[in-house]
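Please read the structure below before turning to the comments.
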Amino acid sequence: MERSAKQLKLAKATGERIASVLPDDSRTWWQRPNLLKLYLLLCNFVLFASSIGYDSAITNSIQNIPAWLTFMNDPTGTWLGFISASPFVGTCGTIFFVPWICDRFGRKVVIYMTVLCIWIGSILGAAAKNPATYIVSRIFMGFSFSCNYAASVWISEIAYPTTRGKFSAAYHAIYYFGSVLCAWVVFGTQYIKDDNSWRIPLALQAAIPTCLLPALIYAPESPRWLISVGKVDQARRVLLKFHANYEEEYLPLVELEMQEITAGIEALRANNISSWKSLISTPGNRKRLFISCFLGIAFAWNGQGIVTWYLSSVLTSVGITATWKKTLLNACIQLFNLLVAITGAVLVDFAGRRTLFLYATAGLFFSFIGLTTITAVYAQLHRNIGQAIIVFIFLVYAFQAIAYAPMITSYPSELWPQATRSKGLFTAMFFLNGATFFNIFVNPIALDAITWRYYCIYLGVQVVIFAVIYFTFPETKGYSLEEIALIFDKDEVTQAGLETDLPEKVTSRVSVKEISD
5 MERSAKQLKL AKATGERIAS VLPDDSRTWW QRPNLLKLYL LLCNFVLFAS
55 SIGYDSAITN SIQNIPAWLT FMNDPTGTWL GFISASPFVG TCGTIFFVPW
105 ICDRFGRKVV IYMTVLCIWI GSILGAAAKN PATYIVSRIF MGFSFSCNYA
155 ASVWISEIAY PTTRGKFSAA YHAIYYFGSV LCAWVVFGTQ YIKDDNSWRI
205 PLALQAAIPT CLLPALIYAP ESPRWLISVG KVDQARRVLL KFHANYEEEY
255 LPLVELEMQE ITAGIEALRA NNISSWKSLI STPGNRKRLF ISCFLGIAFA
305 WNGQGIVTWY LSSVLTSVGI TATWKKTLLN ACIQLFNLLV AITGAVLVDF
355 AGRRTLFLYA TAGLFFSFIG LTTITAVYAQ LHRNIGQAII VFIFLVYAFQ
405 AIAYAPMITS YPSELWPQAT RSKGLFTAMF FLNGATFFNI FVNPIALDAI
455 TWRYYCIYLG VQVVIFAVIY FTFPETKGYS LEEIALIFDK DEVTQAGLET
505 DLPEKVTSRV SVKEISD
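The number in this note's numbering is simply the position in the sequence shown, starting from 1, with 4 added.
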């Protein structure tokens, strides 16, 4: 029997097994109450990443505010690098403790910790009496970074199979929504003549998690985590409510999901794969670990960091010095990033993860050639072509946002199985934040020392990143979250749990009452 175009599209996005049990339902997602509720919750959890984006844009944005520069004693070089990198001290110092809480007490508990840390950090920062208090507030924001990634895990573990890739990628794509808010807030407050010009943006940082708190309270716990701690019936009820709406024709989907999740967890337990040591205990996990950690380093060192964290310095180096120009340009760039990142999130199931990474890295390389050339010509020949650098800054951001931004958390989350997903993702984020800390700290020192020549280092790094992605990164498009394990794990125990034929209870009509009981 020839399948419809819709069924072929579903198979491409979710894999043959999931597509085979989905009914040919003509209703759109907003006509299904369960998906409407689920997608609204997912949108709220996706917005948690915007709090990271807001915070990451703070230092870059308020570097253009004279009152902040005076308050922080006109930071340059090492002192400016430390101020910018201080949140990552908090992140790297706590990120290995968070997975234990995430696996022991659930994903939502860690997200509540995110809200608390942002509240503390924003209050301390807005009320800071001296630079030391400001630094402490930034470290608390770093604590919130390490906890925030639990939202990405929750999204990937509860999302509907046909849209899991898009929502997982959207988590970090919406990072730029926070950057947009911050940039435009700072653009508006720059005209305030006292310290409120930078204190107000810091205080408003608490608004994002506060607005998202009702959805966090209402949301269920991750069904995959519930199964991992033995709460199988509760997990089934979550899937019945949000994936099936208790409709008979969707029961095979719920049963297949339950089978795959349970089989995957049991297989991992049989191999005792749940500890930190397990991240390097098998060839499959070692490959996962390498890819996850390398991606974190690549995100920090692909070149975007130098224009993200020190845009003000980059613009000054080519003669753009007016405060209103810098803040307006930063605000427009962040809005542009948001639109491109959302586009990237939409494309992940169409173009594929690996393909997007390759095109983005190649684009960054050629964009950096232009950025380096213009800066060098301006610095060496003093020709008035500095404005042209804006084009290449936008290109750098575009190629960064189309792939790295939406997939920096979703791709590692997909690679790891349930028992080690939080540990694998948080390890990747440790490398990302550690590399970012080093990058942010070193960049202003290197820019002061060798100016535009420093950009050439990134050209070499981008070549290495492209080669590693080409030879080691697998394509995960078209697999369910559990089926991705088969790309890495060839042992019989894991395959036995994920490659068996569908049981009778999946393919037959079973009543909702029978399953829920």
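Just so it is clear, CB atoms sit at the ideal spot from N, CA and C, and this is done for glycine as well.
Beta-carbon contacts of residue i that lie in its chain and below 7 Å, excluding the five residues immediately before and after
i, result
"I56", "F149, N152, Y179 and G182"
"R357", "M411, Y415, E479, T480 and K481"
"Q338", "A61, Y180, S183, V184 and A187"
"P37", "N249"
"L42", "Y164 and F246"
"G472", "The amino acid occupying residue 472 in the given sequence is Val; Gly does not appear at that position. Excluding sequence neighbours, V472 sits near F298."
"I66", "W72, V190, W202 and P205"
"T365", "N306, Q466, I469, F470 and I473"
"S371", "F396, L399, V400 and F403"
"F477", "I295, R358 and F361"
"I269", "I231, S232, Q422 and A423"
"T74", "none"
Chain D contact for residue i (CB, 7 Å cutoff)
i, result
"F100", "No chain D is part of this structure, which consists of one protein chain only."
Proximity winner among the options, relative to residue i (alpha-carbon distances)
i, options, result
"I87", "Y462, F442 and F470", "F442"
"A349", "L436, H247, F396 and I406", "I406"
"V119", "F100, F52 and T266", "F52"
"P91", "E264, F75 and C121", "C121"
"P227", "M262, Q35, G374 and E253", "M262"
"T377", "A402, L360, T359 and I397", "I397"
"R111", "D29, G464 and I221", "I221"
"W328", "Y195, Y363 and E252", "Y195"
"L360", "E251, G307 and Y474", "Y474"
"G81", "E486, L490, I461 and N447", "N447"
"A155", "R31, P224, I269 and L399", "P224"
"T379", "L368, C336, R142 and I394", "I394"
"R108", "E20, S232 and A392", "S232"
"L217", "M117, R168, T166 and I162", "M117"
"P287", "F369, G268 and W420", "W420"
Distance between residue j and residue i (C-alpha atoms, nearest Å)
i, j, result
"V467", "V25", "43 Å"
"I207", "Q404", "It should be noted that the sequence gives Ala, not Ile, for residue 207. Between A207 and Q404, the C-alpha separation is close to 29 Å."
"K133", "A71", "13 Å"
"T95", "F147", "5 Å"
"A302", "L230", "33 Å"
"A439", "F191", "29 Å"
"S484", "Q422", "12 Å"
"M145", "D198", "24 Å"
"L293", "L283", "7 Å"
"G374", "Y459", "11 Å"
"V93", "V102", "15 Å"
"K427", "S296", "11 Å"
"A239", "E264", "13 Å"
"Q499", "P256", "Residue confidence for Q499 is low, a pLDDT of 47 falling below 50, so the modelled location carries little weight and cannot support an answer."
"T431", "N437", "10 Å"
"S141", "A450", "27 Å"
"A173", "Q35", "24 Å"
"S285", "S54", "35 Å"
"M433", "Y363", "23 Å"
"S542", "T166", "With the chain represented from 5 up to 521, any question about residue 542 goes unanswered, as that position is not in the structure."
Cut-off 6 Å between Cβ atoms - residues of its own chain near residue i, not counting five sequence neighbours on either side
i, result
"I346", "A177"
"E418", "T480 and I488"
"Y254", "A248"
"W123", "A210"
"V344", "A402, A405 and I406"
"L463", "F372"
"L244", "Y250 and V258"
"F369", "Q466"
"C106", "V114, A154 and S426"
Heavy atom of the ligand NAD within 6 Å of residue i beta-carbon
i, result
"K427", "Absence of the ligand NAD from the depicted structure is noted, as is the absence of any ligand whatsoever, leaving it without description."
Spatial neighbours of residue i in its chain, beta-carbon cut-off 8 Å, leaving aside the 5 residues before and after
i, result
"K170", "A349, V350, V352 and D353"
"A219", "L44, L45, N48 and F49"
"V522", "What is shown of the chain runs 5 to 521, which leaves residue 522 out entirely."
Supposed close pair residue i, residue j - CB separation, criterion 8 Å
i, j, result
"V114", "R425", "Rounded, the Cβ-Cβ distance is 13 Å, inconsistent with contact."
"F492", "K291", "6 Å"
"K330", "N68", "5 Å"
"Y138", "I159", "Not really, about 32 Å apart at Cβ, beyond 8 Å."
"G300", "F470", "In fact, because the Cβ distance is near 17 Å, the residues do not count as touching under 8 Å."
"F445", "A89", "5 Å"
"Y58", "I162", "Incorrect: roughly 25 Å between the Cβ atoms, too far for contact."
"N64", "N341", "Incorrect: roughly 12 Å between the Cβ atoms, too far for contact."
"L260", "R457", "The pair is not a contact, with the Cβ atoms about 57 Å apart (cut-off 8 Å)."
"L429", "T413", "7 Å"
Within the segment 197-261, note down every full alpha helix (DSSP H) run reaching 4 residues or more, in order along the chain. 200-208, 211-222, 227-232 and 236-243
Mind listing, in chain order, the continuous alpha helix (DSSP H) runs of no fewer than 4 residues lying wholly within the segment 28-62? 37-50
In chain order, each alpha helix (DSSP H) run of at least 4 residues that lies wholly inside the segment 346-400: 357-385
Taking only runs of the alpha helix (DSSP H) that begin and end inside the segment 79-118, which ones reach a length of at least 4 residues, in chain order? 81-98 and 102-109
Which residue spans inside the segment 450-488 form an unbroken alpha helix (DSSP H) run of at least 4? 458-476
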